[in-house]
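Worksheet: one structure, shown below.
In my numbering, the protein residues as written are 5 to 127.
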């Protein structure tokens, strides 16, 4: 902040996912971890960044097609992505008068090096 004085763009792109075909396999600790990573982080990053944003600034939140279609193997992940959609829409409405845009992007499946660690060995 000392060098630039403001934030023009915030991109929230944190995510964590674990495969599970049964809701009984999702522990409270795992559910909390996925929500903390996937949606709480977006909330707290936006809240802090907004202190340094001015008219014309933008927040971009990464959600997923799973927010709209669901995914039987990614119940907790899909739930957080739906929460991101609601958060994005609500924050956009809240910031309209300040001239700060809030948008979401919902890519389809994208392979990343972290995915194998979240999958069962047979996948």
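No residue lacks a Cβ here, since even glycine has one placed at the ideal position from N, Cα and C.
- Counting only runs of at least 4 residues, the stretch 59-106 fully encloses the following alpha helix (DSSP H) elements, listed from N- to C-terminal order: 70-73, 79-99.
- Around the Cβ of residue 81, a 10 Å sphere holds 16 or more other Cβ atoms; the residue is buried.
- Using a 10 angstroms sphere on the CB of residue 21, the tally of other CB atoms reaches 16 or more, which defines it as buried.
- Contact check between the stretch 25-33 and the stretch 54-71: fewer than three CB pairs, one atom from each, fall below 8 Å, which does not count as touching.
- Contact annotation, residue 68 with residue 110: C-beta distance approximately 6 Å; criterion of less than 8 Å satisfied.
- With a threshold of 16 other beta carbon atoms within 10 Å, residue 57 meets it and is buried.
- The Cβ atoms of residue 88 and residue 43 sit closer than 8 Å to each other.
- Excluding the 5 residues flanking it on each side, residue 85 has same chain C-beta neighbours closer than 6 Å at 67, 68, 70, 71, in chain order.
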